[in-house]
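Participant:
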Amino acid sequence: MKKLVFLVGITLILLARILLININSAEWGDSYRILRASNFVQQFSYPGDEKRPPLFSILLAVRPSSIDAILWGRLVMLGISFLALFVFYKLTQKLLATRSQRFLAVALLALNPVYLYWSLRIYADIPFSLLVLVCFYFFEVWREKLVDEGKASMLYPALMGLICGLSILTRFEGYLLTLATLVGIAVIGRDKGRSNRSNPVRTVLPFITTISIIAIPWLLYRNPLTSS
């Protein structure tokens, strides 16, 4: 019975989000510039006056010719919103004990006015939040393996580096996520004593390798420190 109530509740939340997809009559400001950049990407270029990282515009550029750009953007946002809620639920499975607590957490996120507003606009905030949630989930899985099993896996630091690299290409706050994740990877092994402490080479190096592969080409093309 509890499982049925949980599924019904989640379904109602998702249906409410679908019904709100066209609540905005128009897009403007940042949405316009993101869509404009996606048009440039379709021509294999990028606007010289655009300071925003390109990943979200690249995603929007993969658009069927029969679909309007604004509608496509809203559909992409809808899909990303659903995916973010799913990843958030997977994260609650790691952190919360009961199904009712998990449902409440997902409901509070889905119906949060600020989060809901940004998910209804074609902005990079929700795609970035998805990457943050994925990074947190990988971090928690890696931490559990390290603390509970004493296994310093190289896979999850590499995946976190990949996600942090994509976050840098999505929003400038990706640099903060990268710094926080790197610090966490470097020190988490100390939580349960020396026997479970991870080898820095097996943790930090995979992270740095994957994030460099993803982020350095863009930084060489357009360094934010030298951009006007």
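Residue numbers for the sequence shown follow full-length UniProt numbering, so the first one is 1 and each next one is one higher. Ideal placement from N, C-alpha and C gives every residue a C-beta, glycine not left out. Bear in mind that the values here come from a model prediction, so they are computed numbers and not experimental data.
#1: What I want to know is whether the C-beta of LEU176 ends up closer than 6 Å to one or more non-hydrogen atoms of the ligand FMN.
#2: If you draw a straight line from the alpha carbon of ILE216 to that of ALA84, how long is it in whole angstroms?
#3: The alpha helix (DSSP H) that contains MET154, what's its start and end?
#4: For THR203, which option in ARG222, LEU182, VAL132 has the closest C-alpha, if you only look at C-alpha atoms?
#5: Which value, in whole angstroms, describes the spacing of the CA atoms of SER153 and SER129?
#6: Does DSSP put THR210 in a helix, in a strand, or in coil?
#7: Assuming ARG74 is part of the alpha helix (DSSP H), what are its boundary residues?
#8: Rounded to a whole number of angstroms, what is the C-alpha to C-alpha distance between GLY161 and PRO206?
#9: How long is the line joining the alpha carbons of LYS94 and LEU104, rounded to whole angstroms?
Facilitator: Considering the structure as presented:
#1: Only the bare structure without any ligand can be found here, which leaves the ligand FMN out of the picture.
#2: Within the sequence shown, residue 216 is the residue found at index 216, counting from 1. Within the sequence shown, residue 84 is the residue found at index 84, counting from 1. One Cα belongs to ILE216, the other to ALA84, and the distance between them is close to 26 Å.
#3: As a position in the sequence shown, residue 154 is number 154, starting the count at 1. Element bounds for MET154: n/a, residue is neither H nor E.
#4: On the sequence shown, residue 203 is found 203 positions in, with the first residue counted as 1. For THR203, the closest alpha carbon among the candidates ARG222, LEU182, VAL132 is that of LEU182.
#5: Taking the sequence shown and counting its residues from 1, one reaches residue 153 at position 153. Taking the sequence shown and counting its residues from 1, one reaches residue 129 at position 129. Using only the alpha carbons, I get a separation of about 25 Å.
#6: Here residue 210 refers to the residue found at position 210 when the sequence shown is read from its first residue. The answer is helix: DSSP assigns THR210 an H, G or I state.
#7: On the sequence shown, position 74 is the one that residue 74 refers to. Run containing ARG74: 69–95, per the alpha helix (DSSP H) assignment.
#8: If you number the sequence shown from 1, residue 161 lands on position 161. If you number the sequence shown from 1, residue 206 lands on position 206. Straight across, the Cα-Cα distance linking GLY161 with PRO206 is about 7 Å.
#9: Along the sequence shown, one-based indexing puts residue 94 at 94. Along the sequence shown, one-based indexing puts residue 104 at 104. For LYS94 and LEU104, the distance between alpha carbons rounds to 15 Å.
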